[in-house]
Amino acid sequence: MPAPYDPAFQPTPDDVALVASLRRGDEQAFAAIVEQLNGPLLRLARLYVANGAAAEEVVQETWLGVLRGLDGFEARASFRTWVFRIATNRAMTRGRRERRDIPLSALLDPADDPGGPAVDPERFLAPGQEWAGHWAVPPERWAPDVEAHLLAKETRALIETYLEELAPAQRIVMTLRDVEGWDADEVCAALEITPGNQRVLLHRARSRVRAGLERHLAAAGPA
Amino acid sequence: MGSDTTPMATAPDPPAPPDPDSCDGVVELVTEYLEGALDVAVRARFEAHLAACDGCDIYLEQMRATIAAAGRVGIDDLAPGTLDGLIAAYRAARDA
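Protein chains in written order, with numbering that gives the first Met the number 0: chain A, 0 to 222; chain B, 0 to 95.
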């Protein structure tokens, strides 16, 4: 059962302008929104369907659904939340054929998601010791040139790899929040999850990506 | 670990909330802190801990650097030809 739309929702001026452009036939605006949302939609679809080709089909059907629904769009949610709801419906229909008939909220339930501590417990002083729970092996400060290194192309590729290695629920939340820059409310609306669950998944995802970068930087030695 | 005698049928106790006075608690609260989701009292203890603890201060800085680095990842998942095909569909839909 899809989550209800927020009755207090008010579209932003940018969103109103976007929908007007799309209705006017502005191909540049359409191309821009496809480029912006296609990747996140593929990641959403991958929660439901078994392979990349099936996900591509779900996303293709989503865009065709967007074109059909554009004139009837009522702005009860942001445009991209609406696009996500269409994609969720398409992916569920497809998943049903593949026997994965599961609501989005269940696929994104942190209780079924690999959790574990943010940092290896070995790095903290053990219970019973004085200062138990405090750092035994604290993180080392990343020098400013290391931070610059983080922005380099190879490190961006590395972060993409870490994102791919995350559980799908963590991956889509961190992709939308940190890669695509969505705010928390919009991620909750688009993925039909509670703010608390959103934070848990985001926390697990960011913690793992940070740990990956720390390992990488330690192995690379001082930059 | 390994000495869990709780019967399978009963729900496990919810884990204790992370302790903002302890480093292993801070690393679990860092996202709620950055999201502005900590209540005032916990937030004050979290910030007092950070002011006194280099390790946790560095940890928070690394989380911020991780988030900033993720924001510079451009994921290009658009297969060649997909965009052209969709624009053609868009044109056809708007002309109809």
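Every residue, glycine too, gets a C-beta built ideally from N, C-alpha and C.
It should be emphasised that the depicted structure is a prediction, and the values quoted were computed from it without experimental measurement.
Practice prompt. Keeping to the same chain, check which residues put their C-beta closer than 8 Å to that of A:D14; ignore five residues upstream and five downstream.
Written response: A74, S77, F78
Discussion item. Under 8 Å, Cβ to Cβ, is there at least one residue of chain B near A:A222?
Written reply: Low local confidence applies: a pLDDT of 46 at A:A222 is under 50, so the model's placement there is unreliable, with the coordinate-based value given in what follows. So, not an interface residue.
Practice prompt. With a floor of 4 residues, list each alpha helix (DSSP H) that falls wholly inside the region 51-88 of chain A, ordered by position along the chain.
Written response: Runs of the alpha helix (DSSP H) spanning 4 or more residues and lying entirely within the region 51-88 of chain A occur at 51-68, in chain order.
Item to complete: Find the residues of chain B that neighbour A:R229, judging by a C-beta separation of less than 7 Å, and give them in chain order.
Response: Given a span of 0 to 222 for chain A in the structure shown, any question on residue 229 of chain A remains unanswerable.
Worksheet item: Considering B:D53, what are the terminal residues of the alpha helix (DSSP H) in which it resides?
Response: 53-69
Worksheet item: Does the beta carbon of B:L37 come closer than 8 Å to any beta carbon on chain A?
Response: no
Item to complete: Can you give me the start and stop residues for the alpha helix (DSSP H) that A:E179 sits inside?
Response: In this chain, A:E179 is not harboured by any alpha helix (DSSP H), its DSSP state being neither H nor E.
Discussion item. Out of A:L165, A:L212, A:M91, which one is the CA nearest neighbour of A:L103?
Written reply: Nearest of A:L165, A:L212, A:M91 to A:L103, Cα basis: A:M91.
Worksheet item: For B:P17, which of B:G35, B:E60, B:V41 has the nearest alpha-carbon?
Response: B:V41
Item to complete: Note down, in chain order, every chain A residue with its Cβ under 7 Å from the Cβ of B:V105.
Response: Residue 105 of chain B lies beyond the range of chain B shown here (0 to 95); nothing can be said about it.
Practice prompt. Give the DSSP bridge partners of A:F123, in chain order.
Written response: A:W134
Item to complete: Give the residues of chain B in contact with A:G132, contact being defined as C-beta atoms less than 9 Å apart.
Response: D18, D20, S21, C22, D23, G24
Worksheet item: If contact means a Cβ-Cβ distance below 7 Å, which residues of the region 58-76 of chain A contact chain B?
Response: W62, L63, L66
Item to complete: Out of B:V29, B:A92, B:D83, state which residue places its alpha-carbon closest to the alpha-carbon of A:E34.
Response: When each option's Cα is compared against that of A:E34, the closest is B:D83.
Discussion item. Just verifying my parser: in three-state terms, what is the DSSP assignment at B:Y32?
Written reply: helix
Worksheet item: Does any C-beta atom of chain B lie closer than 8 Å to the C-beta of A:V82?
Response: Not an interface residue.
Worksheet entry | Sequence-distant residues of the same chain with beta carbon closer than 7 Å to A:A125, five excluded per side | A131
Item to complete: Determine the closest residue to A:I192 out of A:I171, A:D177, A:R67, A:R140, with distance taken between C-alpha atoms.
Response: A:I171
Fill in: Three-state secondary structure (DSSP) of A:R140
It is coil, neither helix nor strand.
Worksheet entry | Residues of the region 4-15 of chain A with Cβ closer than 8 Å to any Cβ of chain B, in chain order | none
Item to complete: Whole angstroms is fine: what's the gap from A:L165's alpha carbon to A:L69's?
Response: 34 Å
Worksheet item: Buried or exposed: A:V186, going by 16 or more other Cβ atoms within 10 Å of its Cβ?
Response: Burial call: buried.
Item to complete: Alpha carbon to alpha carbon, how far is A:Q169 from A:T80? Give it in angstroms, no decimals.
Response: 18 Å
Item to complete: Helix, strand or coil for A:Q128, going by three-state DSSP, please let me know.
Response: Reduced to three states, the DSSP call for A:Q128 is coil.
Worksheet item: What's the C-alpha gap between B:T5 and A:A7?
Response: Note that B:T5 has pLDDT 45, beneath the 50 cutoff, so the model's placement of it is unreliable and no number is given.
Worksheet item: Where in the region 181-222 of chain A do unbroken runs of the alpha helix (DSSP H), each at least 4 residues long, occur, reported from the N-terminal end onward?
Response: Listed in chain order, the complete alpha helix (DSSP H) runs (minimum 4 residues) inside the region 181-222 of chain A are 183-190, 194-219.
Item to complete: Provide the residue span of the alpha helix (DSSP H) that contains A:P39, from first to last.
Response: 26-44
Item to complete: Could you name the residues of chain A that B:G54 contacts, counting a contact when the two beta carbons are closer than 7 Å?
Response: Those are W134, P137, P138, listed as they occur along chain A.
Practice prompt. Look at the alpha carbon of A:H148 and the alpha carbon of B:V29, and state the distance between them as a whole number of angstroms.
Written response: In this structure, the CA atom of A:H148 is about 24 Å from the CA atom of B:V29.
Worksheet item: For A:N118, which three-state DSSP category applies?
Response: For clarity, residue 118 of chain A is Val in the given sequence; the question names Asn instead. Coil at A:V118, not helix or strand.
Discussion item. I need the straight-line Cα distance from A:I101 to A:G127, nearest angstrom please.
Written reply: 44 Å
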